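Going by the numbering used here, the first residue of the sequence shown is number 227, and it counts up by one from there. Note that CB positions come from ideal geometry on N, CA and C, so glycine has one too. Given the structure is predicted, the values throughout are model-derived calculations rather than measurements. One structure is given below, encoded as structure tokens.
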Amino acid sequence: MITMTEIAKLTGVSQPTVSRVLNGNQAVNPEVRERVTACAREHGYQPNVMAQSLAGSRTHLIGVILTDISNAFFADLVKYIEQEAGKSGCRLILFNTDYHPEREQECLEVVQRYRVDGLIVVPVQEETKEWRDRVRRLQIPAVVITRQAKELDSVYVDHKEAGNQVGRHLHEQGCESYVFFGNMADEKYEGFREALETFDPVNRKRFTNIATKEPAAVEKHLAKHLEKYPGRAGIFAYNDRRALQLLGILQKMGIEIPGRAALVGFDNTYMCEYLYPSLSSVSQPNEAMAAKAVELLLHRIEQPKEELPAKAHPMHARLIPRSSSVTAL
């Protein structure tokens with residue numbers, strides 16, 4: 227592989243000038259800059275990122291830690307993060323935690339070893355002081371995405387408001403009982419229940435929460451709920467993967483959708499419109515969240531001495547009604 231010294235000899239400029247050009251310094255004469263970059267491209271020059279980091283210069287690497295890369299929502303999100311970071315010449319190193327705090331700790335250690343310029347993270351336990359202290363010890367800028375974390379810049383959707391949209395929608399569709407498939411500590415649940423208190427106080431107590439993901443147990447809970455409450459049931463799943471699971475179980479049980487059960491997911495992943503029936507879901511502004519997260523991170527990286535307080539940047543989601551919850555579109 228060609229080195230900076232060899233590029234300097236081929237182009238007739240000094241090695242420090244080559245270094246400035248290849249590290250993005252715009253103060254170099256344009257004609258010289260073009261000659262050096264053309265030579266580097268022709269000979270397939272690749273920077274030694276680790277050597278750059280040891281020398282104290284930027285690596286132009288951003289660490290991205292996600293909780294579940296197999297979820298289409300996160301795959302879509304990281305695509306937009308990569309596109310936005312690429313506009314500034316940055317590349318990503320991607321990590322997956324599978325929602326395990328121990329795995330997250332391992333990822334943070336690797337991030338530190340690679341000396342990335344900054345970090346965008348979907349945390350597992352953002353509410354704990356221990357986690358926030360661990361991130362601060364990295365001594366690099368960090369932005370939390372899809373969650374809100376104290377003392378760190380955070381870009382996220384207001385889940386409570388989104389859950390409220392779902393509750394209102396299912397009430398408007400004439401539902402007489404409700405099911406939430408997910409953790410009751412989730413703000414989506416809080417917003418959902420708040421909507422029932424406001425818009426359907428008569429039926430708000432006709433409610434079942436299903437936290438298990440085991441198919442047989444889910445089917446048992448659904449059968450019990452539908453037997454107890456014979457009217458139309460409104461079902462809200464905390465993400466599209468679980469909504470898809472519910473869709474299959476309901477079809478297996480012979481439950482008419484949306485006539486007997488109206489189903490809504492969350493994330494509006496690409497599969498929603500191709501299912502039968504097509505899945506109503508809450509759409510998050512992935513592209514806007516990614517752009518904002520990268521913008522905040524790059525500002526922190528480029529202005530390390532500017533001590534700005536951490537800010538929360540909530541964004542709004544939008545319910546997309548489809549055939550799984552609406553009888554006539």
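Outcome for residue i when other beta-carbon atoms lying within 10 angstroms are tallied against a minimum of 16
| i | result |
| --- | --- |
| Val290 | buried |
| Thr208 | This structure gives no information on residue 208, because the portion of the chain shown stretches from 227 to 555. |
| Lys518 | buried |
| Leu534 | exposed |
| Pro530 | exposed |
| Glu310 | buried |
| Asn390 | buried |
| Arg358 | buried |
| Gly491 | buried |
| Val336 | exposed |
Nonlocal neighbours in the same chain, by C-beta distance under 8 Å from residue i, ignoring five residues either side
| i | result |
| --- | --- |
| Asp302 | Thr495, Tyr496 and Asn512 |
| Gln331 | Arg360 |
| Arg548 | Cys498, Glu499, Pro503, Ser504, Leu505, Ser506, Ser507 and Leu555 |
| Arg486 | Leu452, Arg458 and Ala459 |
| Thr263 | Val247 and Leu248 |
Straight-line gap, residue i to residue j (C-alpha atoms, nearest Å)
| i | j | result |
| --- | --- | --- |
| Ala449 | Thr424 | 27 Å |
| Asp343 | His286 | 6 Å |
| Ala281 | Arg341 | Interpretation of Ala281 is limited by its pLDDT of 48, a score under 50 that renders its predicted location unreliable; the figure taken from the coordinates is listed afterwards. Their backbone Cα atoms lie some 11 Å apart in a straight line. |
| Glu328 | Leu248 | 38 Å |
| Arg394 | Asp466 | 19 Å |
| Leu470 | Glu416 | 22 Å |
| Ser550 | Gln477 | 12 Å |
| Leu320 | Ala437 | 29 Å |
| Met230 | Asn255 | 18 Å |
| Ala375 | Leu522 | 15 Å |
| Leu378 | Leu292 | 17 Å |
| Ala546 | Val383 | Rather than Ala, the amino acid found at residue 546 in this sequence is Ile. Between Ile546 and Val383, the C-alpha separation is close to 15 Å. |
Contact set for residue i: own chain, Cβ-Cβ below 6 Å, skip 5 residues either direction
| i | result |
| --- | --- |
| Gly315 | His286 |
| Tyr306 | Asn512, Glu513 and Ala516 |
| His385 | Glu413 and Lys414 |
| Tyr271 | Ile228 |
Residue from the options whose Cα sits closest to the Cα of residue i
| i | options | result |
| --- | --- | --- |
| Gly457 | Glu420, Glu440 and Gln399 | Gln399 |
| Ala488 | Pro503, Leu470, Tyr464 and Ala459 | Ala459 |
| Val520 | Gln252, Ala253 and Val347 | Val347 |
| Pro484 | Ile461, Phe492, Val381 and Ala253 | Ile461 |
| Ile371 | Ile546, Met541, Val552 and Leu545 | Met541 |
Presumed contact (8 Å Cβ cut-off) between residue i and residue j, rounded CB distance
| i | j | result |
| --- | --- | --- |
| Phe418 | Leu472 | Phe418 to Leu472, Cβ: 15 Å. No contact. |
| Ile475 | Glu440 | Between Glu440 and Ile475 the Cβ distance is about 11 Å, and since that is not below 8 Å, they are no contact. |
| Ser403 | Asn429 | 6 Å |
| Asp412 | Tyr455 | With a Cβ gap of about 23 Å, Asp412 and Tyr455 do not count as contacting. |
Neighbourhood of residue i by C-beta distance below 7 Å, restricted to the same chain and skipping five residues each side
| i | result |
| --- | --- |
| Leu236 | Cys265 |
| Ile527 | Asp343, Gly344 and Pro367 |
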